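Following: one structure in structure tokens, then a few remarks.
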Amino acid sequence: MPLAACGVEDADSAVATTSAQAALIEDLCQPLDNGVTVTGLSATRLGRQYFCLDVPAGHASSYVMSGGTGDADLYVSVGAAPTTTSYNCRPYRSGNNETCNIAPQSSDQRIYIMLHGFSAYSNTTLTASY
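Positions in the sequence shown are counted from 1; adding 179 to them yields our numbering.
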């Protein structure tokens with residue numbers, strides 16, 4: 180169910196809308212399998228794709244985006260969906276070759292990954308592993 184907002188009346192409304200959107204993203208992320216590469220990823224400028232990987236306690240994890248054309252940006256966050264302003268890792272590189280490494284956590288964690296189109300991108304791959 181898509182979320183829509185016509186405007187924000189006050190700060191509490193903005194927080195509620197942002198929280199609802201984050202919860203929806205967390206529920207709808209595309210689960211990744213450890214070490215399996217997802218191919219053919221594409222989106223328009225400012226388009227977003229969300230993925231998640233469940234990582235056992237004590238394991239470091241790595242997220243590698245590569246290939247294709249255009250410029251996708253990789254965002255990774257522990258325990259909650261990343262946004263363009265809230266994340267644990269954001270490489271800040273041009274093109275589609277970006278890597279994030281997340282240190283081992285003390286408990287099992289769901290790691291969320293967002294690919295964001297700085298410009299349109301196509302035929303990009305994503306591999307998440309621990």
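Every residue gets a Cβ at the ideal spot worked out from N, C-alpha and C, and that includes glycine.
As the structure is a prediction and not an experimental result, all values here were calculated from the model.
Boundaries of the beta strand (DSSP E) around Cys279: 277–281.
Within a 10 Å sphere around the beta-carbon of Pro261 sit 16 or more other beta-carbons, which makes this residue buried.
Judged by DSSP secondary structure, Gln228 falls within the beta strand (DSSP E) whose first and last residues are 227–234.
Secondary structure note for Ser245: its beta strand (DSSP E) is the uninterrupted segment 240–245.
With respect to Met244, Leu294 sits close: the two C-beta atoms are nearer than 8 Å. Listed in chain order, the non-local C-beta contacts of Thr216 below 8 Å within the same chain comprise Thr304, Leu305, Thr306, local neighbours out to five positions each way being set aside.
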